[in-house]
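**Q** Our numbering numbers the first residue of the sequence shown as 481 and each following residue consecutively.
All C-beta atoms, glycine included, are put in the ideal place defined by N, C-alpha and C.
Next up is a structure, given as structure tokens.
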Amino acid sequence: MENETLRKLPSVDSLLSHSSSTTIVAEYGRDRVVSAIRREIDSARRLLLKDKSAPIPGSEGEWIALASAKLAESARPKLMKVINCAGVVTHTNLGRSIISEEAARAAHNAAISNVNLEYDLAKGARGDRDDLVEGLICELTGAESATVVNNNAAAVLLALNTLAFGKEAIVSRGELIEIGGSFRLPDIMAKSGCVLREVGTTNRTHLYDYENAVSGNVAIILRAHTSNYRIIGFTTQPKDSELAEFARSKGLPFMVDLGSGAVADITRFGLPYEQTIGDTLRSGVDLVTVSGDKLLGGPQAGIIAGRRDLVTLIKKNHLKRALRCCKMTLAALEATLLLYLNPEKAARSIPTLRLLARSLDNVRATAEEAARIISRMFGQEAEVSVIADTCQAGSGAMPELDMPSYSVAIRHKKMSADGLAKWFRGRGIPVIGRVKDDLFRLDMRTVETLEWLEE
Ligand SMILES: *Cc1c(COP(=O)(O)O)cnc(C)c1O
481 MENETLRKLP SVDSLLSHSS STTIVAEYGR DRVVSAIRRE IDSARRLLLK DKSAPIPGSE
541 GEWIALASAK LAESARPKLM KVINCAGVVT HTNLGRSIIS EEAARAAHNA AISNVNLEYD
601 LAKGARGDRD DLVEGLICEL TGAESATVVN NNAAAVLLAL NTLAFGKEAI VSRGELIEIG
661 GSFRLPDIMA KSGCVLREVG TTNRTHLYDY ENAVSGNVAI ILRAHTSNYR IIGFTTQPKD
721 SELAEFARSK GLPFMVDLGS GAVADITRFG LPYEQTIGDT LRSGVDLVTV SGDKLLGGPQ
781 AGIIAGRRDL VTLIKKNHLK RALRCCKMTL AALEATLLLY LNPEKAARSI PTLRLLARSL
841 DNVRATAEEA ARIISRMFGQ EAEVSVIADT CQAGSGAMPE LDMPSYSVAI RHKKMSADGL
901 AKWFRGRGIP VIGRVKDDLF RLDMRTVETL EWLEE
């Protein structure tokens, strides 16, 4: 009786020899197709044992279609395009900066060819990968020398490990930062092998606090840009230039972890002043570290720029080998920096700068168009409106600044605000909005085209 029912199941071999198996074998390989077919047959067998009239595929073609659908699902990349309407321009969880077309092309070309990554074409001999971007960084920032690693966390780690291993680094208590994604300055310092020497208080640190801390075992003075917060009110901190002069008088290097790292003066694009690498170095700071994918708008990278003797030591540290960037990153970074040679071109071509500097009228026009499409999509089911909103630059740039923006706000008759957020996340191209004041919103500062809504 039981055997009679199970006789309806095909054999793996009979399905494999069916003509429509050929395409999926070519696509997924024989082993995976065999496993997928076997899984389908096994699960049908379990169903039939529970209920001998359970529905199972009728033809060989149907069996194969079932296996093929599962294989397609398992072969879909997990990393996929999403639409950032979350109200944060460089959103760490959404991959921070979108790089320029120029940078993307450069990375693509480097990926699919051999390149002179460490090869001096003039000499026909081994070269140094830092040479590809060092000249540009120096030109754009006034640094004497520069090197590039995987990210800014790596830059801080490498610089401290080189210059202060087994020694003390002085940091103000007002700057013991934690950045999202578990960059905690005290922890990075410990991993670099240097000892944190805290001075001052959370809100006030004076030059004499640094002075009192300097002893034989201090190797460096470190300042961290308070990227994602500001201490306001009864506060004081020595200026970079004052600390630089003090450090010089003590023969100590002075390093600033700038974090966001503006290359160009962004006030020229109508944005608030953000300390540039060049200004920082000009105030007498010896070394600056920044991220490549924050305000700079390039690929994930960490730039260390400043005094030649210090950068030379850093490049010689064997840890650099473990933290170096790949050819695609360097290609994208070089292309991004090339755009900065003409700041107007940088503002046009680098999405991070373009989105931050975008006119409010332009944001509103996109929001209105998006609202029309979404309204058509939901019909009578939802109320869709355009509202004035605020968003953030993100990634630790301008943390206290609410940037003006426009959002599409949606109220649905059957879905809650959180339900709508989930619904938009579940689209073919997931859309990431946010719920604020119990209202689901899609912030439009970060959206320039709307074809993703039509799909
Ligand atoms: C963002 C940031 C970091 C970490 O940079 P990553 O490139 O994410 O590694 C370190 N310090 C400061 C001040 C930052 O803003």
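Taking the alpha helix (DSSP H) that Gly-758 belongs to, which residues open and close that run?
**A** The sequence position of residue 758 within the sequence shown is 278, counting from 1. Here the alpha helix (DSSP H) through Gly-758 covers 757 to 762.
**Q** Residue range of the beta strand (DSSP E) that Val-628 falls in?
**A** For the purposes of this step, residue 628 is taken as the residue at position 148 of the sequence shown. 625 to 629 is the extent of the beta strand (DSSP E) around Val-628.
**Q** Between the Cα of Leu-919 and the Cα atoms of Leu-738, Val-888, Leu-933 and Glu-848, which residue gives the shortest distance?
**A** Within the sequence shown, numbered from 1, the residue matching residue 919 stands at position 439. It is Val-888.
**Q** Where does Asp-841 land, buried or exposed, given buried means 16+ other C-beta within 10 angstroms?
**A** In the sequence shown, the residue the question calls residue 841 occupies position 361. Burial call: exposed.
**Q** Scan the region 618 to 686 and note each continuous alpha helix (DSSP H) run of 4 residues or more that stays entirely inside, going in chain order.
**A** The region 618 to 686 contains these whole alpha helix (DSSP H) runs: 632 to 644 and 665 to 672.
**Q** Whether or not the region 607 to 615 and the region 739 to 750 are in contact is what I'm after, with contact meaning three or more pairs of Cβ atoms, one per stretch, closer than 8 Å; do they touch?
**A** The region 739 to 750 vs the region 607 to 615: no contact.
**Q** Work out the CA separation of Lys-730 and Asn-692 for me, nearest whole Å.
**A** Within the sequence shown, the letter at position 212 stands for residue 692. Within the sequence shown, the letter at position 250 stands for residue 730. One C-alpha to the other measures close to 12 Å.
**Q** Can you check DSSP and say which residues form a bridge with Arg-703?
**A** Reading the sequence shown from its first residue, position 223 is the one you call residue 703. Answer by DSSP bridge pairing, in chain order: Val-736.
**Q** Measure from the alpha carbon of Glu-648 to the alpha carbon of each residue in Glu-520, Leu-732, Leu-767 and Met-883, then state which is nearest.
**A** Translated into the one-based positions of the sequence shown, residue 648 becomes position 168. Of Glu-520, Leu-732, Leu-767 and Met-883, the residue nearest in Cα terms is Leu-732.
**Q** Which word fits Ala-868, buried or exposed, when buried means at least 16 other C-beta atoms lie within 10 angstroms of its C-beta?
**A** Here the question's residue 868 lines up with position 388 in the sequence shown. With fewer than 16 Cβ atoms within 10 Å of its Cβ, Ala-868 is classed as exposed.
**Q** Do you know offhand how far Pro-779's Cα is from Ile-521's?
**A** Position 299 of the sequence shown, counted from the start, is the residue given in the question as residue 779. Position 41 of the sequence shown, counted from the start, is the residue given in the question as residue 521. Cα-Cα distance, rounded: 47 Å.
**Q** Does the region 525 to 540 come close enough to the region 548 to 566 to have 3 or more Cβ pairs within less than 8 Å?
**A** The region 525 to 540, when compared against the region 548 to 566, does not touch it at the 8 Å Cβ threshold.
**Q** Candidates Asp-720, Ser-497, Gly-782 and Ile-783: which alpha carbon is nearest Asp-759's?
**A** As a working note, residue 759 is residue 279 in the sequence shown. The shortest C-alpha separation from Asp-759 is found at Asp-720.
**Q** When the Cβ atoms of the region 692 to 703 are set against those of the region 641 to 658, are three or more pairs found closer than 8 Å?
**A** A contact exists between the region 692 to 703 and the region 641 to 658.
**Q** Straight-line CA distance for Glu-931 to Thr-627?
**A** Residue numbering aside, residue 931 sits at position 451 when the sequence shown is read from its first letter. Residue numbering aside, residue 627 sits at position 147 when the sequence shown is read from its first letter. Looking at the two C-alpha atoms, the distance is approximately 40 Å.
**Q** For the beta strand (DSSP E) that Pro-884 lies in, which residues bound it at each end?
**A** Within the sequence shown, numbered from 1, the residue matching residue 884 stands at position 404. Note, Pro-884: beta strand (DSSP E), 883 to 892.
**Q** Can you name, in chain order, every residue of its own chain whose Cβ lies under 7 Å from the Cβ of Ala-826, other than the five neighbours on each side?
**A** By 1-based counting over the sequence shown, the position of residue 826 is 346. Cβ neighbours of Ala-826 beyond the five flanking positions: Ala-744, Leu-819, Tyr-820 and Leu-833.
**Q** So is the beta-carbon of Gly-782 under 8 Å away from any non-hydrogen atom of ligand 1?
**A** Position 302 of the sequence shown, counted from the start, is the residue given in the question as residue 782. Gly-782 Cβ: within cutoff of ligand 1.
**Q** From Val-791 to Gly-696, what does the alpha carbon distance come to, in whole angstroms?
**A** Here residue 791 refers to the residue found at position 311 when the sequence shown is read from its first residue. Here residue 696 refers to the residue found at position 216 when the sequence shown is read from its first residue. Looking at the two C-alpha atoms, the distance is approximately 23 Å.
**Q** With distances taken Cα to Cα, identify the nearest neighbour of Val-492 among Gly-777, Glu-935 and Ser-515.
**A** Locating residue 492 in the sequence shown gives position 12, counting from the first residue. It is Ser-515 whose Cα lies nearest to the Cα of Val-492.
**Q** Which of the three DSSP states is assigned to Ser-729 in this structure?
**A** In the sequence shown, residue 729 corresponds to position 249, counting from 1. Ser-729 falls in the helix class under three-state DSSP.
**Q** Going by C-alpha distance, which of Lys-893, Leu-817 and Lys-795 is nearest Glu-619?
**A** For the purposes of this step, residue 619 is identified with residue 139 of the sequence shown, where counting begins at 1. Glu-619 has its Cα closest to that of Leu-817, out of Lys-893, Leu-817 and Lys-795.
**Q** Ile-563 by DSSP, collapsed to three states: which one?
**A** Translated into positions along the sequence shown, residue 563 becomes position 83. Three-state DSSP puts Ile-563 in a strand.
**Q** Does DSSP put Ser-865 in a helix, a strand or coil?
**A** Start at 1 with the first residue of the sequence shown, and residue 865 comes out as number 385. It is a strand residue.
**Q** Using only the alpha-carbon positions, how far apart do Glu-725 and Arg-788 sit?
**A** Numbered from its first residue, the sequence shown carries residue 725 at position 245. Numbered from its first residue, the sequence shown carries residue 788 at position 308. Going by the C-alpha atoms only, they are around 18 Å apart.
**Q** Any heavy atom of ligand 1 within a distance shorter than 8 Å of the CB on Ile-657?
**A** On the sequence shown, residue 657 is found 177 positions in, with the first residue counted as 1. At least one heavy atom of ligand 1 is nearer than 8 Å to the Cβ of Ile-657, so yes.
**Q** Leaving out the 5 sequence neighbours to the left and right, which residues in its chain are closer than 7 Å to Glu-935 when beta-carbon positions are compared?
**A** Counting from 1 along the sequence shown, the entry for residue 935 is found at position 455. For Glu-935, where only same-chain residues beyond five positions count, the Cβ hits under 7 Å are Gly-908 and Ile-909.
**Q** Taking all protein chains shown into account, do 16 or more other C-beta atoms lie within 10 angstroms of the C-beta of Thr-430, making it buried, or fewer, making it exposed?
**A** Outside the displayed span of the chain (481 to 935) sits residue 430, for which this structure offers no information.
**Q** State the start and end residues of the unbroken alpha helix (DSSP H) segment that holds Lys-800.
**A** The sequence position of residue 800 within the sequence shown is 320, counting from 1. Segment 799 to 803, the alpha helix (DSSP H) holding Lys-800.
**Q** Taking 8 Å as the cut-off, is the C-beta of Gly-680 nearer than that to any heavy atom in ligand 1?
**A** For this step, residue 680 is matched to residue 200 along the sequence shown. Result no, Cβ not under 8 Å from ligand 1.
**Q** Helix, strand or coil: how does DSSP classify Phe-920 here?
**A** By 1-based counting over the sequence shown, the position of residue 920 is 440. Strand, per DSSP.
**Q** I want to check one thing, is the minimum distance from the CB of Lys-671 to the heavy atoms of ligand 1 below 8 Å?
**A** Working through the sequence shown from its first residue, we reach residue 671 at position 191. Not under cutoff, so the answer is no.
**Q** Which same chain residues, not among the five before or five after Thr-926, have their C-beta less than 7 Å away from its C-beta?
**A** The residue labelled residue 926 in the question sits at position 446 within the sequence shown. Only Asn-564, Cys-565, Val-569 and Leu-835 meet the Cβ criterion.
**Q** Taking Ala-591 and Met-808 to be in contact with their CB atoms under 8 Å, please state how far apart those CB atoms are, rounded to whole angstroms.
**A** Here residue 591 refers to the residue found at position 111 when the sequence shown is read from its first residue. Here residue 808 refers to the residue found at position 328 when the sequence shown is read from its first residue. Right, the Cβ-Cβ distance comes to about 5 Å (below 8 Å), so this counts as a contact.
**Q** Got a sec: does ligand 3 put a non-hydrogen atom nearer than 8 Å to the Cβ of Ala-704?
**A** Ligands in the displayed structure: ligand 1; ligand 3 is not one of them.
**Q** Taking the alpha carbon of Ser-499 as the point to measure from, which residue in Glu-542, Ala-862, Arg-519 and Leu-559 has its own alpha carbon closest?
**A** As a working mapping, residue 499 is identified with position 19 in the sequence shown. Nearest of Glu-542, Ala-862, Arg-519 and Leu-559 to Ser-499, Cα basis: Glu-542.
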